[in-house]
Amino acid sequence: MSFMITCPLCGRRNGYEFRFGGEDKGPRPDQGNLSPEAWCDYVHMNNSKPGVQREWWSHTKGCGSWFVIHRDVMTNLEVHPGQEEAVP
Amino acid sequence: MTRLENLPTLRIQSDTARSFTYRNRTMKGVAGDTVATALFANGVRIFGRSLKYHRPRGLYSLDGECSNTMMQVDGVPNVQAETTLLTEGMAINPQNVKGSPEFDFMRLMDGLSWAMPAGFYYRMFHRPAWLWPKAIKEIRKAAGLGVLSPDFRMDGHFDEIHPRAEVCVIGGGLAGMSAALEAARQGLRVVLLESRPWLGGAFEYRVRKDEADAPYFSRARALAEVVEQAENIRVFTHAPAIGVYSDGLVTGFQKGALNDGFTERYLEVRADSVVTATGCLERPLLFDNNERPGVMQVGCAHRLARTWGLLPGKTAVFSIGQDPGLEAAIDLFDLGLEIACVADIREDGQDPLLIDELGKRGIPFLRGWVAQKAHGFGRVAKVTLASGNGRFRKTIPADTLVASAGFTPATGPLALAHAKLEFDVHTGFFLPSSLPRRVHAAGRMLGLETPESIETSGKAAGLEAAGNCGVDVGHLLAKTRNYLESRTLRTRGSKFVIAPGTGRKTFICFDEDTTVKNVDQAMAKGFDVPELIKRFTSAGTGPGQGGIPGHNLPLYVGASGKSPDPAPRPTTVRPPLVPTLLATYAGTQHDMCKRTPVHDLQVQDGGRIPAGTGRRANGARGGVEARKTVFGGCPMPGGDLERSDQRRHAGCFDSGQISDLRAGRPEGSPARLRRGHEPNAGRQGQVFRHVQR
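For the record, the sequence lines run as chains W and P. According to the numbering used here, the first sequence is numbered sequentially starting from 79. According to the numbering used here, the second sequence is numbered sequentially starting from 40.
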């Protein structure tokens, strides 16, 4: 985690201060008619595609907030949403 | 051994003695000595025995490029004698030695090298199957480096710091210092890392004069003074960089000097832009017995005399491939070393001034000749030189052979930063063909030679780095680049790889005892890419991290014509570039935990405190409330507590009776509790975070 991450509250900080929270898989599926398979997929299946992915991070050694960033998993750098160029 | 005195380049204080013990004998060094030079001054020539063949090994380079001079110092194994400064009362012992370094009982292993072909570890003694477990025990007994006693405790104070800077410069030579100064002039914060205990790099000990008639060393030292006094440059000396990562993260460690508050400290520099100005290593010359004690690199022989006042021997033969080799021969002759012969593997292209100087001193000079074999038991006694095509030979008695195939850039940090390196035919260097974002290279590693061009390239890199940080440097940078281009003359480096007619005892990697013959065997087995040959022969996997074979291996494989890859490519390097103590990585106390207000009371009362983020006592007795929570409550609005627990911790819950889910809840305990059990607080931190989300 040598890269840097932009926390919405604290700004751009050292990656070591953060903790990974997995891919952002969108909102939770509706609880009402949720089959065990669908829930299992939601919990355990990841896209794991090369390129930019949305993911959850927590600023555990800072403000403690949870947020979503875009990261290019090929270069391991945070990118602006919809852009190739890394931050800043 | 008497030291040379009154040289302006010396880094020792001869009047301040430091006593130490070597194999329980008391010896004396002086302040400023490294462990290696102090031993050398006391007549030690064989520093240890090699890993596989137990061959004698001595001083070869002075920058810790190989394991030749790794020693056991104060109980710590594998200490680089060349890069460790001597302190009072050190207890030093050789490694991998049965008996003494001079008479090692295992030296017969050298004669058994035929039984240990490339990859023998994977091929021999595997059948019948019962043989291998027995064989592996014996192999491990015979080979090895230092010994760590089971009750050993590391002394010293280890620290870590995380400096933040706009520009981080790796390498404190002329280029690195110029880059740092230029960036600092733009008002930026600069961190400068230098692996030697002082700034100045390759110019800091040379007495050759530049265009303005000032010796190189005074130029380097004048610049070093300016850098040290500059306000926004933070200089770390004796601090090798060990890793370069994305987003400008540079890691390294610094060895503490006498009055520093730390033994070693881990550095983690976060910069907006990185300049690598790591200069060059000497490419080892490949010939028979090329690691016999008495064989050393040009820089080693020159620095021994100029920095530590020690002549490398009595009579020397030089076999070199670069102008600074000629320069060293002339300088060492003037300092009193007898020089039997200088062989230069280049047919032409030498600096005519240096040839003149050699002639004036009556030193025999052979163009296009090269060392073919070092003779002598335990140390060099004679040297056989051969013409480049191997037709003519002569043998000269000498106790020192200064050998080097030329320069090769120290590409470690650049490679770690994912720069693409390509072989350049003119310089014979691996030059960066594309640099990653916000990483710049400068200086001698680009094939520059004169101090002026090196300084200018450093300035240009400093300006580029400043440009990354939002400073408008366009005009200044264009001017510097133009100037650089008008003055640049890239070294026409030697591409020479191996002396003719050699191979069986020609070591391409000293750390792992890999010979050129082993590489041939690997190629015969079908391993045709340096990266595979490295795995099969283990060349370059030793503690020197490819410093010795790093560029020779791909060049040798390339020259063999057996590689499918037309362009030689260096093998991958990985952090740490320099062997780092685990204690340095561990740093200070990292165990951050939360304690209950009654923690001390519970400890007093005999409570056992398990590890984890939240510390609370198990089995505390009477009078102290054991179930104090650390976090207080963790609110769980709505939802079904039990089901949410099941989802977060699939399979964690046994089907037993649940005593008190609510009592477990505030601790964020991951496991459900059976009646009468205390909550396990081990993973409290993680669970708390997930509940929060």
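Yeah, the Cβ is synthetic: ideal placement off N, Cα and C, and Gly gets one too.
Using a 10 Å radius around the Cβ and a threshold of 16 neighbouring Cβ atoms, would you call residue i buried or exposed?
i: Q109(W); result: exposed
i: N135(P); result: buried
i: R106(W); result: exposed
i: S473(P); result: exposed
i: D395(P); result: exposed
i: S533(P); result: buried
i: K573(P); result: buried
i: L151(P); result: exposed
i: E551(P); result: buried
i: I147(W); result: buried
i: K639(P); result: Rather than Lys, the amino acid found at residue 639(P) in this sequence is Asp. Exposed is the call here.
i: N111(W); result: exposed
i: D438(P); result: buried
i: E330(P); result: buried
i: I200(P); result: exposed
i: E250(P); result: exposed
i: C118(W); result: exposed
i: V112(P); result: buried
For residue i, which residues in the same chain have their Cβ closer than 7 Å to its Cβ, ignoring the five residues on either side in sequence?
i: D604(P); result: V568
i: T527(P); result: L487, S492
i: Q52(P); result: V69, A70, G71
i: M152(W); result: P128, G129
i: K518(P); result: none
i: P448(P); result: C319, F468, F469, M484
i: A310(P); result: A204, E205, V206, C207, V230, G287, V289
i: Y522(P); result: T495
i: R529(P); result: H465, T466, G486, L487
i: G579(P); result: C548, K573, G585, P588, G589, L592, T610
Leaving out five residues on either side along the sequence, give the residues of the same chain with a beta carbon under 6 Å from the beta carbon of residue i.
i: R94(P); result: D149
i: E233(P); result: G211, T276
i: F301(P); result: H196, D198, G295
i: R146(P); result: H93
i: L187(P); result: P116
i: A456(P); result: V283, P475, V478
i: T138(W); result: R97
i: A77(P); result: G68, L125
i: G158(P); result: F575
Do you know how far the Cα of residue j is from the Cα of residue i?
i: M193(P); j: P615(P); result: 20 Å
i: G142(W); j: V208(P); result: 33 Å
i: F242(P); j: P490(P); result: 8 Å
i: V130(W); j: M82(W); result: 15 Å
i: D390(P); j: R235(P); result: 29 Å
i: G93(W); j: R228(P); result: 21 Å
i: P618(P); j: R322(P); result: 20 Å
i: L516(P); j: V206(P); result: 16 Å
i: V596(P); j: S602(P); result: 6 Å
i: I175(P); j: F144(P); result: 20 Å
i: Y61(P); j: F79(P); result: 12 Å
i: V419(P); j: G333(P); result: 5 Å
i: L306(P); j: A154(P); result: 45 Å
i: L170(P); j: K91(P); result: 20 Å
i: G540(P); j: K180(P); result: 34 Å
For residue i, which residues from the same chain have a beta carbon less than 8 Å from its beta carbon, with the 5 sequence-adjacent residues on both sides left out?
i: E127(P); result: R57, S58, F59
i: V512(P); result: Q225, L502, E503, A505, G506
i: V266(P); result: G211, M216, A219, L220, L231, L238, I272, V274
i: E386(P); result: R406, G407, G427
i: P403(P); result: A379, C380, V381
i: R304(P); result: F197, D198, E199, I200, F292, Q293, G295, T623, G626
Just checking residue i against the ligand FAD - is the residue's beta carbon closer than 8 Å to any of the ligand's heavy atoms?
i: T123(P); result: The model depicted lacks the ligand FAD and carries no ligand whatsoever.
TODO: Name, going along the chain, the residues of the stretch 263-294 of chain P whose beta-carbon falls closer than 8 Å to a beta-carbon of chain W.
DONE: Y284, S285, D286, L288
Please identify, using Cβ separations under 8 Å, the residues of the stretch 297-316 of chain P that lie next to chain W, in order along the chain.
R309
Notebook entry, point to check: Residues in the stretch 83-111 of chain W with C-beta within 9 Å of chain P's C-beta atoms, listed in sequence order?
Noted result: N92, G93, Y94, R97, G99
When Cβ atoms are compared, which residues of the stretch 418-436 of chain P fall closer than 7 Å to chain W? Result list empty, no residue passes.
- Listed from N- to C-terminal order along the chain, which residues in the stretch 146-157 of chain W have their beta-carbon within a distance smaller than 9 Å of any beta-carbon of chain P? Flagged, chain order: T153, N154, L155, E156.
Q. Taking the runs of the alpha helix (DSSP H) that are 4 residues or longer, which of them lie wholly in the stretch 508-570 of chain P?
A. 513-526, 555-563
Notebook entry, point to check: Can you list the alpha helix (DSSP H) stretches of 4 or more residues lying completely in the stretch 251-320 of chain P, in chain order?
Noted result: 255-268
Return the residues of the stretch 135-146 of chain W that lie within a Cβ-Cβ distance of less than 8 Å from chain P, sorted by chain order. S136, T138, G142, W144
Give, in chain order, every residue of the stretch 592-622 of chain P whose Cβ lies closer than 7 Å to some Cβ of chain W.
When C-beta distances to chain W are compared with 7 Å, every residue of the stretch 592-622 of chain P stays at or above that value.
task: Determine which residues of the stretch 515-549 of chain P have a Cβ less than 9 Å from any Cβ of chain W, and write them out in chain order.
output: none
At a Cβ cut of 7 Å, what residues of the stretch 119-133 of chain W count as close to chain P, listed as they run along the chain?
none
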